[in-house]
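Peer 1: Sharing a structure here in structure tokens format.
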Amino acid sequence: MKKLFYIVLLVMPGNLLAQSSGLSPFSPGAWQIGLKSGYSPGSSFPNRFSTQLQLGYFVGNRWSVGLETSWVREWRNSPVLTSVGVGPRVHYQLTNSKLSPYLAASYQVGKQWLDSLEITYKPRRLTHSVSLTPGLSWQLSSKLRLDLSYRFEYYLSYRFNRTSYQEYALSRYFEYYQVPQLGITYFLGRKP
């Protein structure tokens, strides 16, 4: 999927890059709200599903700043590791075209906990993450865009290691994920 994403970026047909008619949704004063989800292998458990809710305000032509929240779940049947986070986000749309590449970056602080049939373990320590997300945004209507992205995430987190039947040890470590994502973005309050 990663290779396909980069091939599409390199060989986009010119007509898809044509300027869309009307006002740009990326104009200063506009708002965007987006939802993106993706699946990748986890580090603590084999399955990892992540969802981000993003809110941004365009402060300059094609530049937005805002907030991003994340909900991440890693699992095997049991236990389940859940993480939540929130933090600032910066987004730059490279063109005003119907099919437009973009780049986003965020920093988040959050919590994670472990649920199993036997216990729920909630450490008091915070997690920290930094992400860089290149993507493509395809205009579906004047206010709605479909997003295909590839998120690179770096976490300062805590690994849960099972030490016995009902006990887990906590160790600090760095994690790295690559997550293909599909999402949708809605634009509000475009100025002429």
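For reference, each letter of the sequence shown is one residue, going -18 to -1, 1 to 174 in mature numbering (1 follows the signal peptide of the UniProt record, and there is no 0).
C-beta: ideal position from N, C-alpha, C; glycine also.
All figures in this text were calculated on a predicted structure; none of them were measured in a lab.
1. Is the distance from the Cβ of residue 114 to the Cβ of residue 122 below 8 Å?
2. Excluding sequence positions up to five away, which residues of its chain have a Cβ less than 6 Å from the Cβ of residue 72?
3. Using only CA atoms, which one of 36, 6, 105 lies nearest to residue 166?
4. Around the C-beta of residue 84, are 16 or more other C-beta atoms found within 10 angstroms, so that it is buried, or is it exposed?
5. Say yes only if the C-beta of residue 53 is nearer than 7 Å to one or more non-hydrogen atoms of the ligand GTP, and no if none qualify.
6. In the DSSP assignment, what are the bridge partners of residue 76?
7. Can you tell me which of the three DSSP states residue 108 falls into?
8. Looking at residue 108: is its Cβ nearer than 8 Å to the Cβ of residue 91?
9. Measure the alpha-carbon distance for residue 81 versus residue 59 and round it to whole angstroms.
10. How many angstroms separate the CA atom of residue 28 from the CA atom of residue 57?
11. Tell me which residues share the same chain as residue 3 and place their Cβ nearer than 7 Å to its Cβ, disregarding the 5 neighbours each side in the sequence.
12. Assuming the contact rule is C-beta atoms closer than 8 Å, residue 67 and residue 52 should be a hit. Round their C-beta distance to whole Å, please.
13. Who does residue 162 pair with in a DSSP beta bridge?
14. DSSP state of residue 175, grouped into three classes?
15. Per DSSP, what are the beta-bridge partners of residue 68 in this structure?
16. Over what stretch of residues does the beta strand (DSSP E) that includes residue 195 continue unbroken?
17. Have a look at 169, 170, 163, 171 and flag the residue whose alpha-carbon is nearest the alpha-carbon of residue 19.
18. Can you list, in chain order, the residues of its chain with a C-beta nearer than 6 Å to that of residue 15? Leave out the 5 residues immediately preceding and following it.
Peer 2: Let me lay it out:
1. no
2. 47, 87
3. 36
4. buried
5. Only the bare structure without any ligand can be found here, which leaves the ligand GTP out of the picture.
6. Answer is none; residue 76 lacks a bridge partner.
7. coil
8. yes
9. 40 Å
10. 7 Å
11. For residue 3, the predicted structure reports a pLDDT of 46, less than 50, and the residue's modelled location is therefore unreliable. The matter cannot be settled from this model.
12. 5 Å
13. 132
14. In the structure displayed, the chain extends from -18 to 174; residue 175 sits before or after that span and is not available.
15. 51, 91
16. Here the chain has residues from -18 to 174 only, and residue 195 is not among them.
17. 163
18. 37, 168
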